[in-house]
Every structure is written in structure tokens, then in C-alpha cells.
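A.B. asks: Dropping the structure in here first, questions after.
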Amino acid sequence: SFHFDPQLPKRVESEESDERGSSKLLDSEEKQARSTKKKRKVRSGSICSNSDDEQPGPSKKQTLSPKKQSKKILFSSPKKKEMSEIWTWPLYKTQLPVTCGEVEGMLKRDKLTKGEKCILVGKQWFTPPEFERFAGKESSRNWKQSIRCGNSTLGKLIKAGHLNAAVYKKRSKPAKKSQFSTRHLNTDEEDSRDEEATLEAQVSSGEATEEEEMEEQGEQAEISPDCDKTTFKVTCGALTGTLYKCRFGSGKCGKSIRTEMSWLSPVEFVNVALNQGDASWRKDILYGGKPLSVLIEEKVLAIHSLLCKCKQCKPKPEDLESQKNDDECCICKSEGEEELVVCDNCPRSFHQKCHLPHIDDTILRDDSQWMCTFCVFKAIEGCRYPDKQKTEAVMSRQISQHMLECPYLLLYLSSADEEQIFATNPGQYLENYSSIIKTPMWLDNIADKLQRKEYQTVGEFVSDVQLIFTNSATYNKNNPEYLGMGENLKQLFDREFKKAFNIQD
Numbered sequence: 323s324f325h326f327d328p329q330l331p332k333r334v335e336s337e338e339s340d341e342r343g344s345s346k347l348l349d350s351e352e353k354q355a356r357s358t359k360k361k362r363k364v365r366s367g368s369i370c371s372n373s374d375d376e377q378p379g380p381s382k383k384q385t386l387s388p389k390k391q392s393k394k395i396l397f398s399s400p401k402k403k404e405m406s407e408i409w410t411w412p413l414y415k416t417q418l419p420v421t422c423g424e425v426e427g428m429l430k431r432d433k434l435t436k437g438e439k440c441i442l443v444g445k446q447w448f449t450p451p452e453f454e455r456f457a458g459k460e461s462s463r464n465w466k467q468s469i470r471c472g473n474s475t476l477g478k479l480i481k482a483g484h485l486n487a488a489v490y491k492k493r494s495k496p497a498k499k500s501q502f503s504t505r506h507l508n509t510d511e512e513d514s515r516d517e518e519a520t521l522e523a524q525v526s527s528g529e530a531t532e533e534e535e536m537e538e539q540g541e542q543a544e545i546s547p548d549c550d551k552t553t554f555k556v557t558c559g560a561l562t563g564t565l566y567k568c569r570f571g572s573g574k575c576g577k578s579i580r581t582e583m584s585w586l587s588p589v590e591f592v593n594v595a596l597n598q599g600d601a602s603w604r605k606d607i608l609y610g611g612k613p614l615s616v617l618i619e620e621k622v623l624a625i626h627s628l629l630c631k632c633k634q635c636k637p638k639p640e641d642l643e644s645q646k647n648d649d650e651c652c653i654c655k656s657e658g659e660e661e662l663v664v665c666d667n668c669p670r671s672f673h674q675k676c677h678l679p680h681i682d683d684t685i686l687r688d689d690s691q692w693m694c695t696f697c698v699f700k701a702i703e704g705c706r707y708p709d710k711q712k713t714e715a716v717m718s719r720q721i722s723q724h725m726l727e728c729p730y731l732l733l734y735l736s737s738a739d740e741e742q743i744f745a746t747n748p749g750q751y752l753e754n755y756s757s758i759i760k761t762p763m764w765l766d767n768i769a770d771k772l773q774r775k776e777y778q779t780v781g782e783f784v785s786d787v788q789l790i791f792t793n794s795a796t797y798n799k800n801n802p803e804y805l806g807m808g809e810n811l812k813q814l815f816d817r818e819f820k821k822a823f824n825i826q827d
């Protein structure tokens, strides 16, 4: 049977180090923090955290920002147009006033882009996660939600393109066995020559005249509507995936396309989809019905220079392994300050306490393969319930006999809630919520109750999940957008619940 692991021991947080000193000292401290000793199976650094100075040549023009942003969206619509969009004012072109709880600071835009300590409080500099801890909001585990500029979270500003942020990471992921067979990594000679010609042209940029450079700037005046996007839904044949801009280096550099079960480079993606050695990734990978070459021509995607030394183009062994798993937690959609534990069977990554059951430290020290709840559930899905079940019978069963299905269903629901709307207590940030909803419920609360084994029957667990959707329908009855989000998530849960227990009434 599938049981919860024991509770994790309490982590002892180290005291804040004195951040005073010259900028050179701060930079050296940052580099030292990144080189912290790594654990097996544990990763925490995003592939997307390369700074611009790691990419010489024209690839510098590429803006590297996190691939997904976790944010907290208000259920209620804005009351009226307010003069609160100060991030667009010329006065705040280089810096922005920010708050976290009751603490105020000044955010330097350029330092945020480079992944440096960027928030000044008095005479002390903080990274966003450090500022979050300094303000006493470390429990949120997501600085993009807890730090605000006016009434907007930094996550919202980043997603809207008003801010560019590097990924603030703690550790790199250790080496693991390769997930991909080398026999599938055939390359297209014609496409490779085309790519190399493009890269060589970039390297020899010194041959361009001033007149040609002015002409190129004129061509770039017309900005593509996709220039601010960080992810792109792509297809090749019947295969679908999501291309992450911050992971893209070239056709063979950087596993930038996430499919359901793996991370692939564009060349690998085409080979898996078409099983052809003569395919061209620029032509055969489509975005919005158009070849990927269109995004390259529009400067939305930049092929890195031959001289580029970023993690995609000149990866170390640990970088190659890091490319095989997600850069953010599958559940809370953030990198956070904690390590990410990677599944040995799929691309998913988790914070130890986001996964159900919680991932014990003993698992991290174990040399054996570890599979997440998603993979365990899928592995035995066909042999759990050979006979059709009835809803009433399932709801009355003891939950102790179903400690795989219920955690799986909650993880499935949390993962599907990409905007994390239903993850936290809505009463903490929604106006008049407590006066309308008398019994609030949210996903993190249900996860805690599951971990503490507070539910007796499957029906009690399902009742709490359904309460989330009932509350959403009540509070958002005049807000069609968020009402629809709740209804869609409810339909996903109902369908997956019947599938998990093989219910047919």
C-alpha cells in the first residue's frame, strides 16, 4: 500500500548575513552561494537564469526571463481605472517602490534582470526571496506573489512584460542517468549547414557597416506581438509541446521544448515526432500554424552565437542533467528558495512539502530511483480496480485504503491550477470574502489535512474539494471569468475522480 512518509524534520534557517559592503563583495557572495554543495536528486537552479553577459554576440539581445510566473489573481474585477500603474511613469524607468507586508523598499530594474540583490531597504540590499524573508512573509514561498508594486504583484508585472527577472536560485541539479537514447538524436545536414551559416554570420558581425546596422535597426522597428512571450505552444506532426524561450539556444543547443513526458531540443522534438533523419526543425515545428523560422526572423527567438558560453550552448554535465527536469515546482509553480526534488521517471520537479506524501530527507540520501505520485499512480493504474465501482460505495470507504488515489487527485488538481488561484486562503487577499463565505477552503489546506491524516473517508476528502468550487461559484457569481475557472477545474476533478476509482454509475 501507499503510505505517507514521516514528517520532515524542522529546517533551521541560517541568520541573515550582513549585506553591507561594496558591490564587488556582494557579487562574490552571490557566486559563492550558487556553488553550494549539491545533493543527489535535488536541484534548484533554473536553466533560465543565465545573465546577458554569458552570451556574446547578437544573442545578447535575447531577454531571459522565467518561463512561468506564479501569481495570485484577485477574483474581483477592478473597481475603476486608477492612477496606480506607476511602473509606466518615466520617473520609475530604472527603479520601482515595492512593498512586502509592512516593509517598503526600492527595486532596481537592471539588478532584477541580472539576478542580483536588487531591493534596497535603508542601506541594505536584498534579493527578492531575502526581502520576502526580511518582511516575515517567507511562508508564502513565492516572492512574485508576496512582493507588490502598488496593487500589482511582481509576478503580474513580469508576465505583462513591465519587468524582466532572472531566476533566483539556490543549487544546481546533480548528474543523473540520461533519459534519452542517442540513437534518436540524428541531425539534418541541410538544416545544420543553414544554422551554422547563420551563427557564423553572427560571429563576423564586425564586417557589418554602420549603414547596414542602421538598416537592421529600422527593420526591427516593427515589433512582433509575440516578442514579450516566454512560452510558445508548438506542434510537429501529432506531437505537441511547449517551447520555453529562456531554454532555447539553437536546434541542438538547449532542451527547450517540454512534452508530456520529457524535455527535448528542437532537433530531438522533430525526430521523435516524425522519425525522419532529413527533417528540418525550423520548417517542421509549427507555432500558430507557422514555421518556427518565422519567430527567428522576427527576432522573437534568437539563435545563440557560436561563441556563446551559456548553459545551453556550452553545458557542463550537471547542466545537461538539469535540462531534463522542470525548473519550477509542478505544484506551486515557483522555484522558491527550497531545493527541487526531481522525479527519476518523468520531467516533473517538486518542493519536498509540495509533493504528497511529503518527500523525506532519507529519500534524498537513498541511491535508489524515486518516482513521484503521478508516476506511481500511472504505473499501477490498470490493475487497481478491474471491476466498475459505484460513487456511493467509493465515498464511504476508509481513506487509509486509498492513500494513493486521493493524494494523486489533489496533486492533479493543484498542477492544473496554473495560476494558483485556489491554492491559498482567499480570505487573506479578497475584499469582503469572509462576510460572503462562511466556510473557506483551499487546496493547500486540504493537502495539510491529507498529510496529517485528518480525513476518515474518501467522501470527507471529496467534500472539501467540492467546497472550494461551491465557494468560488458563490463569490464569483457576477464575475464570469473566475466563475468559469472554477467550473473548468471542477469538471477536471470530477472526470479524473471517476477515472481514478473506475466509477460508472
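The sequence shown maps to residues 323 to 827 in my numbering.
All C-beta atoms in this analysis are idealised placements derived from N, C-alpha and C, irrespective of residue type, glycine included.
Computed from a predicted model, the values in this text were never measured in an experiment.
Considering only residues of the same chain and omitting the five flanking positions on each side of TRP764, which have a CB-CB separation below 7 angstroms?
C.D. replies: Mapped onto the sequence shown, residue 764 falls at position 442. The answer, listed in chain order, is PHE744, ALA745, THR746, ASN747, PRO748, ILE790.
A.B. asks: What number of angstroms, rounded off, separates the C-alpha of GLN467 from the C-alpha of GLY571?
C.D. replies: Numbered from 1 along the sequence shown, position 145 holds the residue referred to as residue 467. Numbered from 1 along the sequence shown, position 249 holds the residue referred to as residue 571. Straight-line Cα distance between these residues: approximately 29 angstroms.
A.B. asks: From CYS697 to CYS668, what does the alpha carbon distance come to, in whole angstroms?
C.D. replies: Working through the sequence shown from its first residue, we reach residue 697 at position 375. Working through the sequence shown from its first residue, we reach residue 668 at position 346. Going by the C-alpha atoms only, they are around 7 angstroms apart.
A.B. asks: Please report the straight-line C-alpha distance between LYS555 and PRO547, rounded to a whole angstrom.
C.D. replies: To locate residue 555, count along the sequence shown from 1; it is residue 233. To locate residue 547, count along the sequence shown from 1; it is residue 225. Going by the C-alpha atoms only, they are around 15 angstroms apart.
A.B. asks: Tell me the rounded alpha-carbon separation between THR475 and ASN597.
C.D. replies: In the sequence shown, counting from the first residue as 1, residue 475 sits at position 153. In the sequence shown, counting from the first residue as 1, residue 597 sits at position 275. Those two C-alpha atoms are separated by around 44 angstroms.
A.B. asks: Report the option in LYS430, GLN723, GLY576 whose CA atom is closest to the CA atom of LYS415.
C.D. replies: For this step, residue 415 is matched to residue 93 along the sequence shown. It is LYS430 whose Cα lies nearest to the Cα of LYS415.
A.B. asks: Report all residues from its chain with a CB closer than 8 angstroms to the CB of GLU776; omit the five preceding and five following residues, and keep chain order.
C.D. replies: Numbered from 1 along the sequence shown, position 454 holds the residue referred to as residue 776. Counting only Cβ-Cβ distances below 8 angstroms, and skipping sequence neighbours, we find nothing.
A.B. asks: Compare the Cα-Cα distances from LEU735 to each of CYS676, THR761, GLU657, GLN778 and report the closest residue.
C.D. replies: Looking up residue 735 in the sequence shown gives position 413. Out of CYS676, THR761, GLU657, GLN778, CYS676 has the C-alpha closest to the C-alpha of LEU735.
A.B. asks: Less than 8 angstroms separating the beta-carbons of LEU565 and LYS577?
C.D. replies: On the sequence shown, residue 565 is found 243 positions in, with the first residue counted as 1. On the sequence shown, residue 577 is found 255 positions in, with the first residue counted as 1. Going by C-beta atoms, LEU565 is not nearer than 8 angstroms to LYS577.
A.B. asks: Determine the burial state of ASP786: buried for a count of at least 16 other Cβ atoms within 10 Å of its Cβ, exposed for fewer.
C.D. replies: For the purposes of this step, residue 786 is taken as the residue at position 464 of the sequence shown. It is buried - the Cβ of ASP786 has at least 16 other Cβ atoms within 10 Å.
A.B. asks: Kindly indicate which three-state DSSP category PRO613 falls into: helix, strand or coil?
C.D. replies: Position 291 of the sequence shown holds residue 613. Correct three-state label for PRO613: strand.
A.B. asks: Classify TRP603 as buried or exposed, calling it buried when 16 or more other Cβ atoms lie within 10 Å of its own Cβ.
C.D. replies: Against the sequence shown, residue 603 aligns to sequence position 281. The residue is buried, with at least 16 neighbouring Cβ atoms inside 10 Å.
A.B. asks: In terms of residues, what are the limits of the alpha helix (DSSP H) holding TYR797?
C.D. replies: Here residue 797 refers to the residue found at position 475 of the sequence shown. Note, TYR797: alpha helix (DSSP H), 780-797.
A.B. asks: On the criterion of 16 or more Cβ atoms from any shown chain inside 10 Å, does GLY437 qualify as buried, or is it exposed?
C.D. replies: Within the sequence shown, residue 437 is the residue found at index 115, counting from 1. So GLY437 ends up on the buried side.
A.B. asks: Rounded to the nearest angstrom, how far is the Cβ of HIS724 from that of VAL780, given a contact under 8 angstroms?
C.D. replies: For the purposes of this step, residue 724 is taken as the residue at position 402 of the sequence shown. For the purposes of this step, residue 780 is taken as the residue at position 458 of the sequence shown. Yes, HIS724 and VAL780 are in contact; Cβ-Cβ is about 6 angstroms, under 8 angstroms.
A.B. asks: In its own chain, which residues sit with a C-beta less than 6 angstroms from the C-beta of ILE579, not counting the 5 before and 5 after it?
C.D. replies: In the sequence shown, residue 579 corresponds to position 257, counting from 1. Same-chain partners within the cutoff: GLY563, LEU565, LEU586, PHE591.
A.B. asks: Taking 8 angstroms as the threshold (C-beta atoms), are THR552 and LYS567 in contact?
C.D. replies: As a first step, residue 567 must be located in the sequence shown, where it is residue number 245. As a first step, residue 552 must be located in the sequence shown, where it is residue number 230. For LYS567 and THR552, yes; Cβs fall inside 8 angstroms.
A.B. asks: Return the residue from the list LYS760, LEU561, LEU686, PHE819 that minimises the CA-CA distance to TYR609.
C.D. replies: Residue numbering aside, residue 609 sits at position 287 when the sequence shown is read from its first letter. The option with the nearest alpha carbon to TYR609 is LEU561.
A.B. asks: Report yes if the CB atom of VAL489 is closer than 8 angstroms to the CB atom of ASP641, and no otherwise.
C.D. replies: Taking the sequence shown and counting its residues from 1, the one referred to as residue 489 is at position 167. Taking the sequence shown and counting its residues from 1, the one referred to as residue 641 is at position 319. Taking 8 angstroms as the Cβ cut-off, VAL489 and ASP641 do not qualify as a contacting pair.
A.B. asks: Given GLU541, which residues of its chain have a CB within under 8 angstroms of its CB, disregarding the five upstream and five downstream residues?
C.D. replies: Walking along the sequence shown from the start, residue 541 turns up at place 219. Confidence at GLU541 is low in this model, with a pLDDT of 44, below 50, so its placement is unreliable and no value can be given for it.
A.B. asks: Excluding the 5 residues preceding and the 5 following PRO331 in the sequence, name in chain order all residues of the same chain whose CB lies nearer than 8 angstroms to its CB.
C.D. replies: For this step, residue 331 is matched to residue 9 along the sequence shown. Because PRO331 carries a pLDDT of 43, less than 50, the predicted location of this residue cannot be relied on, and no value is offered for it.
A.B. asks: How many angstroms separate the CA atom of THR267 from the CA atom of LEU678?
C.D. replies: Residue 267 lies beyond the stretch modelled for the chain, which goes from 323 to 827, so this question has no answer here.
A.B. asks: So, is SER527 buried or exposed, given that buried needs 16 or more other C-beta atoms within 10 angstroms?
C.D. replies: Your numbering for residue 527 matches position 205 in the sequence shown. At SER527 the pLDDT is 40, less than 50, meaning the model places this residue with poor confidence and gives no usable figure here.
A.B. asks: Does the distance from the CB of LEU686 to the CB of HIS673 come in under 8 angstroms?
C.D. replies: The sequence position of residue 686 within the sequence shown is 364, counting from 1. The sequence position of residue 673 within the sequence shown is 351, counting from 1. Cβ distance not < 8 angstroms, so LEU686 and HIS673 don't count as in contact.
A.B. asks: Which parts of the segment 670-750 are runs of the beta strand (DSSP E), unbroken and 3 residues or longer, counting only runs that do not cross its ends?
C.D. replies: If we require 3 residues or more, the segment 670-750 turns out to have no beta strand (DSSP E) run fully inside it.
A.B. asks: Please report the straight-line C-alpha distance between ASP827 and LYS821, rounded to a whole angstrom.
C.D. replies: Counted from its first residue, the sequence shown places residue 827 at position 505. Counted from its first residue, the sequence shown places residue 821 at position 499. Looking at the two C-alpha atoms, the distance is approximately 12 angstroms.
A.B. asks: Can you tell me where the beta strand (DSSP E) with LYS638 in it begins and where it stops?
C.D. replies: Reading the sequence shown from its first residue, position 316 is the one you call residue 638. From DSSP, LYS638 is part of no beta strand (DSSP E); its letter is neither H nor E.
A.B. asks: So what's ASN824 in DSSP terms, helix, strand or just coil?
C.D. replies: On the sequence shown, position 502 is the one that residue 824 refers to. Coil at ASN824, not helix or strand.
A.B. asks: Return the bridge partner residues of PHE815 from the DSSP annotation.
C.D. replies: Position 493 of the sequence shown holds residue 815. In the DSSP output, where bridge partners are listed per residue, PHE815 has none listed.
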